[in-house]
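Protein chains in written order, with the working numbering: chain A, 1 to 330; chain B, 331 to 682. Structure, as structure tokens:
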Amino acid sequence: MAGYMVRRVLQMFLLLFLLSIVVFFLFNLLPGDPARLTCGKACTPAIIEANRHRLGLDEPPLTQYTKFVSGIFVGRTFSADSPQPIVCDAPCLGYSFNRHEQVMKLITTAAPVTFWLAIGAFILWIIAGISLGIFAALNHGRWPDRLVMAISLIGYSLPAFFIGLVLIFFVIIKWQMLPFPSYVSPFENPVQFLQTMLLPWIVLATLNTAFYMRLTRNQVLETFSEDYVRTARAKGLPERTVIVHHALRAGLTPIVTAAGMDLAVLLGGAIISENIFSLPGLGALAVSSITDSDLPLITGITLLTASIIIVANLVVDLLYAVVDPRVRLG
Amino acid sequence: MTTTGESLDRPFLSVTDLAVAFPTEDGLVRAVDGVSFSIERGRTLAIVGESGSGKSVTAQAIMGLINRRAASVSGEIWLDGQELVGLPEDEVQALRGSQMAMIFQDPMSSLHPFYRIGDQITEAIRVHRNVGPAAARREAIEMLRRVGIPAVERRVDDYPHQLSGGMRQRVMIAMALINSPALLIADEPTTALDVTVQAQILELISTLKADFGTTVILITHDLGIVADVADEVAVMYGGRIVEVAPTEVLYNRPEMPYTLGLLSSVPRMDRELPERLDPIPGNPPSPINLPIGCVFQPRCNYSDRVADGACSSRRPDLVATAPDHLVRCHLPAQERREISINVLRVLAGGAQ
Numbered sequence: 001m002a003g004y005m006v007r008r009v010l011q012m013f014l015l016l017f018l019l020s021i022v023v024f025f026l027f028n029l030l031p032g033d034p035a036r037l038t039c040g041k042a043c044t045p046a047i048i049e050a051n052r053h054r055l056g057l058d059e060p061p062l063t064q065y066t067k068f069v070s071g072i073f074v075g076r077t078f079s080a081d082s083p084q085p086i087v088c089d090a091p092c093l094g095y096s097f098n099r100h101e102q103v104m105k106l107i108t109t110a111a112p113v114t115f116w117l118a119i120g121a122f123i124l125w126i127i128a129g130i131s132l133g134i135f136a137a138l139n140h141g142r143w144p145d146r147l148v149m150a151i152s153l154i155g156y157s158l159p160a161f162f163i164g165l166v167l168i169f170f171v172i173i174k175w176q177m178l179p180f181p182s183y184v185s186p187f188e189n190p191v192q193f194l195q196t197m198l199l200p201w202i203v204l205a206t207l208n209t210a211f212y213m214r215l216t217r218n219q220v221l222e223t224f225s226e227d228y229v230r231t232a233r234a235k236g237l238p239e240r241t242v243i244v245h246h247a248l249r250a251g252l253t254p255i256v257t258a259a260g261m262d263l264a265v266l267l268g269g270a271i272i273s274e275n276i277f278s279l280p281g282l283g284a285l286a287v288s289s290i291t292d293s294d295l296p297l298i299t300g301i302t303l304l305t306a307s308i309i310i311v312a313n314l315v316v317d318l319l320y321a322v323v324d325p326r327v328r329l330g
Numbered sequence: 331m332t333t334t335g336e337s338l339d340r341p342f343l344s345v346t347d348l349a350v351a352f353p354t355e356d357g358l359v360r361a362v363d364g365v366s367f368s369i370e371r372g373r374t375l376a377i378v379g380e381s382g383s384g385k386s387v388t389a390q391a392i393m394g395l396i397n398r399r400a401a402s403v404s405g406e407i408w409l410d411g412q413e414l415v416g417l418p419e420d421e422v423q424a425l426r427g428s429q430m431a432m433i434f435q436d437p438m439s440s441l442h443p444f445y446r447i448g449d450q451i452t453e454a455i456r457v458h459r460n461v462g463p464a465a466a467r468r469e470a471i472e473m474l475r476r477v478g479i480p481a482v483e484r485r486v487d488d489y490p491h492q493l494s495g496g497m498r499q500r501v502m503i504a505m506a507l508i509n510s511p512a513l514l515i516a517d518e519p520t521t522a523l524d525v526t527v528q529a530q531i532l533e534l535i536s537t538l539k540a541d542f543g544t545t546v547i548l549i550t551h552d553l554g555i556v557a558d559v560a561d562e563v564a565v566m567y568g569g570r571i572v573e574v575a576p577t578e579v580l581y582n583r584p585e586m587p588y589t590l591g592l593l594s595s596v597p598r599m600d601r602e603l604p605e606r607l608d609p610i611p612g613n614p615p616s617p618i619n620l621p622i623g624c625v626f627q628p629r630c631n632y633s634d635r636v637a638d639g640a641c642s643s644r645r646p647d648l649v650a651t652a653p654d655h656l657v658r659c660h661l662p663a664q665e666r667r668e669i670s671i672n673v674l675r676v677l678a679g680g681a682q
């Protein structure tokens, strides 16, 4: 187990290293001139060249990359030879000249918004999806099952932007049950936080609830026909014990994997929901960084979201070994 | 509930007119139709038949494992003076695992993969008896030792996937016998195992049966393993019993053509076969569209010997050809015996 973990963590770092190369070179060395993007219409070659130097883009690619990586660990200083050097503290993912802010600072400001959005939606869809899925499985083939599956199909077919806009129109504008969304930290103003987050949570949870209802239902139905569930009945266990202790215990385990990865993806930013509800999260930041061609920011966000997924993958694998004794780590 | 007077003259287990039907979209599947048999206490009955002959469904009906929402069960099952078919689910549940227990075909999938084998056995103890965890564990260890698990103290905390198939089936047997059930149903207990392990498991069942005084129903498709274990054999086909006889009678004087076919299909090492194995032609009938007449008629080599085509128009009854020997066949008894003698002679390698 310990050896396995060490190996997996080393693999993870190797993967992150390769990822940093790919991401960095993909965004910074593609055809096209990043320096040209740093100034608007009234651009002179002199300004472009100056900016190129300020950004360090006049240096060889390898030097650029090593500076980028060393910046993550020890920080770096841009345009050190100019009168106003820009200091970027470790861990430095770069500096956004468009926004005149460190990329790390932009990300850490946006990340909590996305974190709360993802966690709230996650809890909602896990509770709703799994309980409705179990309910459907227990009533397999009868009307409650069909009803749940119909709801699931509807949930599947409604795009997030549609549900989001409908909810805004009715709940906020027409019925005025909630104020217009305006994000605050839950520690600052819990009520306004909940009022803001409720609809985004619902929007974000809908699709996943639909998916988890189906997943849970199918998993549980599958385990109901397993031989070991029949054995549990043959032992004379009460039906409740058979279902909870034997069928669900096995049937819900694979959902851990799916849930972990889905949460990780969401932690990288929920682009549509954040934009509809004007939440200043990672998804919204990513979109605006792309429309602004803000290369350092794009690089930083991509690297971060990919890292989240890699770490989540490791956590899920370790967790799976805890819940399923058949998974041997080694 | 029954009166004691009624239960006194009943055999330990008697099944009367058992029928199990599953409604499906294609029609009603009559998996078991009019099955009757009985076993005296401490005896072993083998139920033999091909896949789909209804033998497992019969066993599950006795155990009350047929989902009553998905199937209709009718007839009577008397176990030790108690009628099971009409019994409420919670009362059947109390009997399962204590009065009657079952082991299944595939020990690989019949144990829960997430729980230690010791815990799975203690669970079976504690659901039926008021025993503390430590005492239940001691009992589980003792039973695992009895079924021949080596290094029990260490093995008791193993997960099923850490054991071989034979060991897992031993665990299943330990779990089934832990509450000293009066009836043990073994549903193809050796089918999924290596040949060498098969013999060990059958021997274990025989030994424990003697030790515990258990009545055993052994379900198998393999007539080859029945001879040493069973006192009586019931042959099932198309959801019905087609022949019942004491084991030596069934092997030496079988009368139903289907039984003859089964015997011809047993590969044997101790003799030279005249030509090759002689399988029964065709496939078992679909339980949705059973033939109107004898269910075996479409595959029977001898049905043209019966006058008026009775085999394809009328269901034969299960009738006694000798005491303890019941046969379901339209052929006249004399002709059945002649056919039987001829086939057995060919099988013994006596005729070319």
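By construction, the Cβ of each residue, glycine as well, lies at the ideal position given by its N, Cα and C atoms. These numbers were taken from a predicted model, which means no experiment stands behind them.
Residue state for Arg360(B) is assigned as strand, using DSSP reduced to three classes.
Counting only runs of 3 or more residues that sit fully inside the region 129–176 of chain A, no beta strand (DSSP E) segment turns up.
Inter-segment contact for the region 159–167 of chain A and the region 271–278 of chain A is present: three or more beta-carbon pairs are separated by less than 8 Å.
Less than 7 Å divides the Cβ of Met430(B) from the Cβ of Pro511(B). Closest in alpha carbon position to Arg645(B), among Val657(B), Pro653(B), Thr651(B), is Val657(B).
Residue burial annotation: Asn672(B) is exposed, with fewer than 16 other C-beta atoms found within 10 angstroms of its C-beta. DSSP lists no beta-bridge partner residue for Asp339(B). Per the coordinates, the alpha-carbon of Ser386(B) lies some 54 Å from the alpha-carbon of Thr305(A).
Here DSSP, grouped into helix, strand and coil, assigns Thr521(B) to coil. Residue pairing from DSSP places Phe367(B) in a beta bridge opposite Val345(B).
Taking a cut-off of 8 Å on C-beta distances, the region 229–237 of chain A touches the region 435–447 of chain B, as three or more cross pairs fall below it. The CB of Leu441(B) comes closer than 8 Å to the CB of Tyr228, Thr231 in chain A, given here in chain order.
For Asp436(B), the C-beta contacts it makes with chain A under 8 Å involve Asp227, in order along the chain. Interface flag for Arg426(B) against chain A is set, since a Cβ pair is found closer than 7 Å.
Per the Cβ contact rule, the region 308–321 of chain A is not in contact with the region 110–128 of chain A (fewer than 3 Cβ pairs under 8 Å). At a Cβ-Cβ threshold of 7 Å, Phe122(A) and Leu215(A) do not count as neighbours.
Short of 7 Å from the beta carbon of Val191(A), and not among the five residues preceding or following it, lies no beta carbon of its own chain. Sixteen is the threshold: since fewer than 16 other Cβ atoms of the shown chains lie within 10 Å of the Cβ of Met1(A), the residue is exposed.
Closer than 7 Å to the CB of Gln423(B) there is at least one CB belonging to chain A. Sequence-distant partners of Arg500(B) (beyond 5 residues in either direction) whose C-beta falls short of 8 Å from its own C-beta, in its chain, are Leu474, Val477, Gly478, Ile479, Ile531, Leu534.
For Tyr212(A), the uninterrupted alpha helix (DSSP H) run begins and ends at 190–224, by DSSP.
For a Cβ distance threshold of 9 Å, nothing in chain A lies close to Ala464(B): the least Cβ distance comes to about 20 Å. Apart from sequence neighbours up to five positions away, the residues of its chain that approach Met261(A) with a beta-carbon distance below 8 Å are Ile309, Ala312, Asn313, Val316, ordered along the chain. Below the 9 Å Cβ cutoff, chain A contributes Ala234, Lys235, Gly236 as neighbours of Ala431(B), in chain order.
Rounded to the nearest angstrom, the gap between the Cα atoms of Asp356(B) and Pro617(B) is 11 Å.
By the rule that beta-carbons nearer than 7 Å mark a contact, Phe444(B) touches chain A.
Within the region 563–575 of chain B, no residue has a Cβ lying closer than 9 Å to any Cβ of chain A. Boundaries of the alpha helix (DSSP H) around Phe73(A): 61–74. Under the three-state reduction of DSSP output, Glu668(B) falls in the helix class. Assigned with DSSP and collapsed to three states, Tyr489(B) falls in coil, not helix or strand. Listed along chain A are Arg326, each with a C-beta nearer than 7 Å to that of His491(B). With respect to the 7 Å criterion, Gln219(A) and Gly251(A) are classified as neighbours on the basis of their beta carbons.
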